[in-house]
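Undergrad: One structure, as structure tokens, below. Some questions next.
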Amino acid sequence: MTEITICSGTLCYIMGGADIFEIETKLSEMYNDKIRIKASTCLGFCEGENKQNPPCVMVGNELIPDATIEKIINHLKRLYTR
Amino acid sequence: MLKKMENNTGNFYIDVASIQKEKHANEICGDVFLTKKVSAEDRTIIVLSDGLGSGIKANILASVTASMAVNFTSMNAPLAHTAEIILSTLPVDRERKVGYSSFTIIDIEAGGTIHFVEYGNPEILYFRENETLELKKTPVTIKNRFRLKQPLFYSNCTGRRNDRIVVCSDGISQSGIGSRAYPFGWGIKNVNAYIRDEISRHPGISSFDLCRKLLANAIANDTFKAKDDITAGVVYLREARRLMVCSGPPYDENKDTMLARDLDRFAGTKIICGGTTANIIAREMHREICTNLSHTSFQLPPVSSMDNIDLITEGILTLGKAHRLLEEGFKPDLVSKDPAVMLCNHFLLHDEIVFVVGTKVNEAHQDPSLPVELEIRRNVIKKIARELEDNYLKTININYI
Chain A
5 MTEITICSGT
15 LCYIMGGADI
25 FEIETKLSEM
35 YNDKIRIKAS
45 TCLGFCEGEN
55 KQNPPCVMVG
65 NELIPDATIE
75 KIINHLKRLY
85 TR
Chain B
24 MLKKMENNTG
34 NFYIDVASIQ
44 KEKHANEICG
54 DVFLTKKVSA
64 EDRTIIVLSD
74 GLGSGIKANI
84 LASVTASMAV
94 NFTSMNAPLA
104 HTAEIILSTL
114 PVDRERKVGY
124 SSFTIIDIEA
134 GGTIHFVEYG
144 NPEILYFREN
154 ETLELKKTPV
164 TIKNRFRLKQ
174 PLFYSNCTGR
184 RNDRIVVCSD
194 GISQSGIGSR
204 AYPFGWGIKN
214 VNAYIRDEIS
224 RHPGISSFDL
234 CRKLLANAIA
244 NDTFKAKDDI
254 TAGVVYLREA
264 RRLMVCSGPP
274 YDENKDTMLA
284 RDLDRFAGTK
294 IICGGTTANI
304 IAREMHREIC
314 TNLSHTSFQL
324 PPVSSMDNID
334 LITEGILTLG
344 KAHRLLEEGF
354 KPDLVSKDPA
364 VMLCNHFLLH
374 DEIVFVVGTK
384 VNEAHQDPSL
394 PVELEIRRNV
404 IKKIARELED
414 NYLKTININY
424 I
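Right, here's the structure in full:
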């Protein structure tokens, strides 16, 4: 089971994170029992020395900066076709 | 309307609400309910006036009466004099050849003494510990310019915490008149029994909810076509409801523990506005945050939950929208899942609101290339506080940390 954690911090939300909440409707049924989608308060990737471009999404333990639904789906495809 | 009072019976707040419905097929209500806060003397004056007849004419009569009653009372004018002036000022009804409008005045003083003046309206109902208190009424005789002697009653008592005062126009007491259930109308005795029953079943019922129930019953008695203008007003002397809103990380990280502890120990409702602030509290209190994904359609990040915290929202966007809602005139909507509406509901349901504002500036929010302008937290909270204080009569404290 892979956990997709969408950052719902202010910056991630206004930089496109709001659209990522729709991901469940865009995912193929084959992922139904393989992934779990959840939201989180600010994950903290938007500040500090190694700051990343918002919106940030975690797929499992991997961070996807500048995330879009397309990027997440591509990542999942790679993950499950290995 | 809410107002804080302190007296020797303990601190209490005055929660005043009213509700009205115009007579069927009329466009305007012929009853007027006015309240005035005399800040300098810490007094609250409440007036209900019922103008003769219905529609615009009745509304004008009632408006003149209510505003005169409020102003004369706030100037401490002698009672009989006030009543005489009101009655001789009222315009004369062309059909009935009288200038008439009934009124009830409730004047709550800082020390807790409450003065009542009743002229023509159904009697005031005073509830204490689920019993109806008998007010000792003194008749005062006055003359209006038509030499019609009207009975005017004066009474007083000392208010205690949890007392309730209900005032209504005859649209309530005479509702259902001519019906099989109430051939002579609902009657003030039945209204009294109904309220006692409501209070015993819902001891914490707010003034507004009680008003709403009285109105709903009266309209139902009239088979959903009000036969007269209906007004219900309730005054509830109740314990203060306290709310603490924490927003923003402290400027000094060493104060994180203090912030978490203060919030945790606060006796009242607790809200966190801001993901980072929520993270700090969760870390300090060793608790988990759970973000709710099911309501994401309000152009705001979703709300989260944590043990012992009543609401967690995102910070600046939610506060900004809450400010806009308050500015536009917010009415509680307990069904909505919009985080800003949920936040405003809490603002309106409480009397004393403490904002604990972390002053650490989130530099990422100040980037001019962001698609929306993000205000500085401190400024938004100041605006919300001003709005709540001026237009919603809340007591506000802002602590910067």
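Residue numbers (my numbering), protein chains in the order written: chain A, 5 to 86; chain B, 24 to 424.
Every residue, glycine too, gets a C-beta built ideally from N, C-alpha and C.
It should be emphasised that the depicted structure is a prediction, and the values quoted were computed from it without experimental measurement.
1) Among the residues of its own chain, which have a CB less than 6 Å from the CB of H388(B), if the five just before and after it don't count?
2) Under the assumption that C180(B) contacts Y149(B) (Cβ atoms under 8 Å), give the Cβ distance between them as a whole number of angstroms.
3) With a 10 Å radius around its C-beta and 16 neighbouring C-beta atoms as the bar for buried, classify E146(B) as buried or exposed.
4) Quick one: any contact between the segment 59-66 of chain A and the segment 339-351 of chain B, if contact means 3 or more CB pairs under 8 Å?
5) What are the boundary residues of the alpha helix (DSSP H) that N94(B) is part of?
6) Between D275(B), L323(B), L366(B), which lies nearest to L334(B) when the distance is taken from Cα to Cα?
7) Once DSSP output is grouped into helix, strand and coil, what is the label at H104(B)?
8) For my contact list, S270(B) and T300(B) are in at a C-beta cut-off of 8 Å; report their separation, rounded to the angstrom.
9) Give the single residue among K248(B), G256(B), L260(B), I303(B) whose Cα lies nearest to the Cα of E276(B).
10) Determine, using beta carbons only, whether A43(A) comes closer than 8 Å to chain B.
11) Tell me the start and end of each unbroken alpha helix (DSSP H) in the segment 229-270 of chain B that is at least 4 residues and wholly inside, in chain order.
12) Can you find at least 3 beta carbon pairs, one from the segment 410-420 of chain B and one from the segment 371-381 of chain B, that sit closer than 8 Å?
13) Let me make sure I understand the geometry here. Which of R224(B), I253(B), S198(B), G227(B) has the alpha-carbon closest to that of N244(B)?
14) Going straight from the alpha carbon of S230(B) to that of I222(B), what length do you get?
15) Ignore the nearest five residues each way along the sequence and tell me which others in V55(B)'s own chain have a CB closer than 6 Å to its CB.
16) If the cut-off is 9 Å on Cβ atoms, which residues from the segment 22-37 of chain A count as contacting chain B, listed in chain order?
17) Can the beta-carbon of D23(A) be found less than 8 Å from the beta-carbon of I73(A)?
18) Does K293(B) pass the burial test, meaning 16 or more other C-beta atoms within 10 Å, or should it be called exposed?
19) In whole angstroms, give me the CA-to-CA distance for K406(B) and G298(B).
20) Report all residues from its chain with a CB closer than 7 Å to the CB of L57(B); omit the five preceding and five following residues, and keep chain order.
21) Give the straight-line distance between the Cα atoms of M24(B) and M308(B), rounded to the nearest whole angstrom.
22) Can you tell me whether L348(B) is helix, strand or coil according to DSSP?
23) Ends of the beta strand (DSSP E) at F35(B)?
24) So what does S125(B) bridge to, in DSSP terms?
25) Examine chain A for any beta-carbon lying closer than 8 Å to the beta-carbon of I312(B), and answer yes or no.
26) Taking Cβ-Cβ distances shorter than 8 Å, what residues in chain B pair up with E51(A)?
27) Pull up the DSSP beta-bridge partners for M62(A), would you.
28) Could one say the Cβ of E337(B) lies closer than 8 Å to chain A's Cβ atoms, at least one of them?
TA: Looking at the coordinates:
1) Excluding sequence positions up to five before and after H388(B), its CB lies within less than 6 Å of the CB of L397, all in the same chain and listed in chain order.
2) That belief holds up - the Cβ atoms of C180(B) and Y149(B) are roughly 7 Å apart, short of 8 Å.
3) By the 10 Å Cβ count, E146(B) comes out buried.
4) No, the segment 59-66 of chain A is not in contact with the segment 339-351 of chain B.
5) Going by DSSP, N94(B) is part of the alpha helix (DSSP H) stretching over 78-97.
6) The closest CA to that of L334(B), considering only D275(B), L323(B), L366(B), is found on L366(B).
7) Helix, per DSSP.
8) About 6 Å; that satisfies the 8 Å criterion.
9) Looking only at K248(B), G256(B), L260(B), I303(B), the smallest Cα-Cα distance to E276(B) is reached by I303(B).
10) Residue-level contact by beta carbon holds for A43(A) and chain B, with a gap shorter than 8 Å.
11) Segments of the alpha helix (DSSP H) lying fully in the segment 229-270 of chain B: 230-244.
12) Contact between the segment 410-420 of chain B and the segment 371-381 of chain B is present, because at least three Cβ pairs lie under 8 Å.
13) Looking at the Cα atoms, S198(B) is the closest of the given residues.
14) When the Cα atoms are used, S230(B) and I222(B) turn out to be separated by approximately 11 Å.
15) Leaving aside the five residues that flank V55(B) on each side, the residues in its chain whose CB is nearer than 6 Å to its CB run, in chain order, S72, A85, S86, A89.
16) Cβ contacts with chain B come from A22, F25, E26, E28.
17) By the CB criterion at 8 Å, D23(A) and I73(A) fall inside the cutoff.
18) Counting Cβ neighbours within 10 Å, K293(B) comes out buried, since at least 16 surround it.
19) Rounded to whole angstroms, K406(B) to G298(B) spans 21 Å at the Cα level.
20) When the five nearest sequence neighbours on each side are left out, the beta carbons in the same chain lying within less than 7 Å of the beta carbon of L57(B) are those of V70, A89, S90, V93, in order along the chain.
21) Residue confidence is low: M24(B) scores 48 on pLDDT, short of 50, so the model does not pin down where it sits. Its coordinate-derived value is still stated next. Between M24(B) and M308(B), the C-alpha separation is close to 37 Å.
22) In the three-state reduction of the DSSP assignment, L348(B) falls in the helix class, which pools H, G and I.
23) From DSSP, the beta strand (DSSP E) with F35(B) extends over 35-44.
24) DSSP, once it has assigned bridges, lists D73(B) as partnering S125(B).
25) Yes, contact with chain A.
26) Those are N385, E386, A387, listed as they occur along chain B.
27) Beta-bridge pairing links M62(A) to T9(A), L67(A).
28) Taking CB atoms only, E337(B) has a neighbour in chain A less than 8 Å away.
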